[in-house]
Structure formats: structure tokens, C-alpha cells
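If you count by this note's numbering, then the sequence shown holds residues 113 to 181, one letter each, in order. Working notes, beginning with the structure itself.
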Amino acid sequence: MKMTNEVVTQALQYLVGSRYVPTVKAYISEITGFEKVVGPGDVITLDINPMRLQVKVDTAGLVSGFIFG
113 MKMTNEVVTQ ALQYLVGSRY VPTVKAYISE ITGFEKVVGP GDVITLDINP MRLQVKVDTA
173 GLVSGFIFG
């Protein structure tokens, strides 16, 4: 069963403010079930994909949030 976006946000909230490293994408995919996790600099299409989660990163390289779709 897929987690709701709200549950995913709560489950990943502790990552906000931590330094982004590319390996976090596999971790996020494992605990959330999202098939596609993208980070800064990754190429993505403009279509809406309900199984995609984008990791937002601020100018200091810290995780600042998540975008669904």
C-alpha cells in the first residue's frame, strides 16, 4: 500500500535541514515506495508522475523539502 503524501512528508521531515547526498535518494525510495526519487541536478520530465518524489535543496546544499509528482 502506497503511503499518502502527508505520511511521506512526516516520515521524511527529519531530513529537512540535513546536508543532501545523492545516496539519500535510494534510502527515500526504500522507505516510501516511490519508484523515482530525483535530486538537484537530475533531469526530469514535465509530466505529472504520481510515483515521483523530488528532493528540494537550498543554496547551502541542505534538504529543504519535497515535491510530489
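Backbone N, C-alpha and C define an ideal beta-carbon position, used for all residues, glycine too.
* **Which of helix, strand or coil DSSP assigns to K137** => The count along the sequence shown starts at 1 and reaches residue 137 at position 25. Reduced to three states, the DSSP call for K137 is helix.
* **Of the residues F180, M115, F178 and Q125, the one placed nearest G145, counting alpha carbons only** => Counting from 1 along the sequence shown, the entry for residue 145 is found at position 33. Selected option, being the one with the closest Cα: M115.
* Identify which residue in T171, I140 and T157 has its Cα closest to the Cα of A123. => Working through the sequence shown from its first residue, we reach residue 123 at position 11. The shortest C-alpha separation from A123 is found at I140.
* Integer Cβ distance of V136 from V167, believed to fall under 8 Å -> Translated into the one-based positions of the sequence shown, residue 136 becomes position 24. Translated into the one-based positions of the sequence shown, residue 167 becomes position 55. With 8 Å as the limit, V136 and V167 qualify as a contact, their Cβ atoms being about 7 Å apart.
* Tell me K168's beta-bridge partners as DSSP assigns them. => One-based indexing of the sequence shown puts residue 168 at position 56. Bridge partners of K168: G177.
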